[in-house]
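Beneath this line is the structure, given in structure tokens, with notes to follow.
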Amino acid sequence: MTEILTITLAPSIDLATSVDRVTAGPKMRCVPPRMDPGGGGVNVARAIRQLGGHSRALLVIGGATGEQLMDLLNAEGVETLPIRVASQTRQSLAVTDQSTNEQYRFSLLAEPLGADDAGKILDGIASAVNKDTLVVLSGSVAPGLSVDFPHEIQSRIAHKTDRLIVDTSGQPLAHLMAHPTQPLHVLRIDQKEAATAAGVPLETVQSSVDFAASLVDRGVAQIVVTGRGADGSIMVTKDQHIFCHAPKVPVRSKIGAGDAFVGAMTLSMSRGEPLARTLQWGVAAASATVSTEGTALCGLEDVQRLLSACVTTII
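Sequential numbering from 1 applies to the sequence shown in full-length UniProt numbering.
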């Protein structure tokens with residue numbers, strides 16, 4: 001099995017709670033919160049562990065919340081490689097209105113990193129990567145780092161591995177798609193991000209496939225995965241266009257669904273399974289995660305139960 005390293009540049013402590021009704025003005029009494037480790041790569045590593053796999057989680061932490069995050073991860077048995085900085089680790093909050101079952105998600109911006117932190121982070125990543133490691137950069141790029149930081153990571157580890165999986169957002173994602181250098185191994189984007197980059201609504205599966213294929217043709221990534229929400233996900237390579245239907249499940253919380261997808265997909269890739277199977281694992285894990293409460297992630301039993309309902313189609 002191939003080794004997996006996850007990278008989280010702006011991790012968080014995720015709090016989830018609920019209240020009878022969300023109303024502007026009066027003080028609202030919330031139930032005691034659920035507290036979980038958060039941030040893209042952190043959740044990818046947690047999902048991999050819950051699915052019976054192993055990875056190492058490299059994360060940038062700072063302050064008292066950073067140490068609290070480490071305690072939470074250690075309690076879950078996730079192997080961590082912390083890079084400590086002066087900036088305080090952020091928090092996020094999800095509040096469910098019990099009267100409507102709607103969820104309000106508040107994500108605090110990370111504090112900017114210091115001038116010397118980029119080099120420190122790149123050195124840590126380079127030291128952690130071994131030959132042919134599957135490296136997963138997931139989550140936002142912390143303020144203070146270059147918009148091109150994903151490519152800087154790619155360049156720094158190129159002598160050891162070319163298997164970099166990226167799931168990010170905002171300007172770093174736009175830069176990746178607009179200014180390709182060496183193709184990433186995998187780029188994962190969601191429907192909204194794909195439509196923004198395409199400049200037109202991608203209302204059909206075929207339109208999503210066509211846009212993903214254009215990214216592959218331009219050398220952005222060898223594999224492009226696009227999530228289409230409740231419809232499912234597509235996976236496009238130079239030679240294959242695969243669509244995986246998502247099973248119908250009750251939606252309780254969307255927190256961590258994309259990270260669970262990436263974790264399950266990466267674990268499947270590390271086992272050398274066919275691409276269609278890796279896509280099935282990702283869709284099943286995402287579906288299982290949206291069925292959980294608050295910030296909880298998927299469990300292996302639920303994912304295995306949903307796998308058979310994740311039907312793939314060659315397009």
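For every residue, glycine included, the Cβ atom is placed at its ideal position computed from N, Cα and C.
- In this structure the segment 43 to 55 lies against the segment 259 to 270, because at least three pairs of beta carbons, one per stretch, are closer than 8 Å.
- Cβ contact annotation for Ala195 (same chain, cutoff 6 Å, sequence separation greater than five): Pro201, Leu202, in chain order.
- With at least 16 other beta carbons inside 10 angstroms of its own, Phe149 counts as buried.
- About 7 Å separates the beta carbons of Gly144 and Gly114, which is inside the 8 Å limit, making them a contact pair.
- Two segments are said to touch when three or more pairs of C-beta atoms, one from each, lie closer than 8 Å; by this definition the segment 180 to 188 touches the segment 223 to 235.
- When the five nearest sequence neighbours on each side are left out, the beta carbons in the same chain lying within less than 6 Å of the beta carbon of Val283 are those of Gly232, Ser233, Cys244, Ala246, Cys310, in order along the chain.
- A contact between stretches requires three or more CB pairs, one per stretch, nearer than 8 Å, and the segment 95 to 104 fails this requirement with the segment 48 to 66.
- When secondary structure is reduced to three states using DSSP, Thr237 falls in the coil class, being assigned neither helix nor strand.
- Each of Pro37, Lys248, Glu111, His151 was checked against the Cα of Ser308, and the nearest Cα belongs to Lys248.
- DSSP, read as helix, strand or coil, puts Asp14 in strand.
- Bridge pairing for Pro37: Ile13 [DSSP].
- Contact annotation: the segment 162 to 169 touches the segment 124 to 134, with at least three C-beta pairs closer than 8 Å.
- Collapsing the DSSP output to three states places Gln182 in coil.
- In this structure the segment 63 to 77 does not touch the segment 271 to 286; the number of beta carbon pairs closer than 8 Å is below three.
- Ranked by Cα distance from Thr89, the first of Leu108, Asp302, Val303 is Leu108.
- Ile255 is classed as buried because its beta carbon has at least 16 other beta carbons within 10 Å across all chains shown.
- Beta-bridge pairing by DSSP links Gln191 to no other residue.
- Residues Leu164, Val166, Ala221 of the same chain have their beta carbon placed closer than 6 Å to that of Leu184, with the five preceding and five following residues left out of the count.
- Secondary structure at Ala309: coil, using DSSP grouped into helix, strand and coil.
- Within the segment 232 to 306, the complete alpha helix (DSSP H) segments of 4 residues or longer fall at 257 to 270, 275 to 290, listed in chain order.
- In this chain, Pro143 is not harboured by any beta strand (DSSP E), its DSSP state being neither H nor E.
- If only uninterrupted beta strand (DSSP E) runs of at least 3 residues are considered, those enclosed by the segment 110 to 174 are 134 to 138, 164 to 167.
- Taken through DSSP and simplified to helix, strand or coil, Val225 comes out as strand.
- Inter-residue distance for Ile4 and Ser207 is about 32 Å (C-alpha atoms, whole angstroms).
- At a cut-off of 3 residues, the continuous stretches assigned as beta strand (DSSP E) that sit fully inside the segment 20 to 70 are 34 to 38, 56 to 61.
- Under the three-state reduction of DSSP, Thr96 is assigned to strand.
- Considering only Ile153, Ala64, Glu273, the residue with the shortest C-alpha distance to Leu9 is Ile153.
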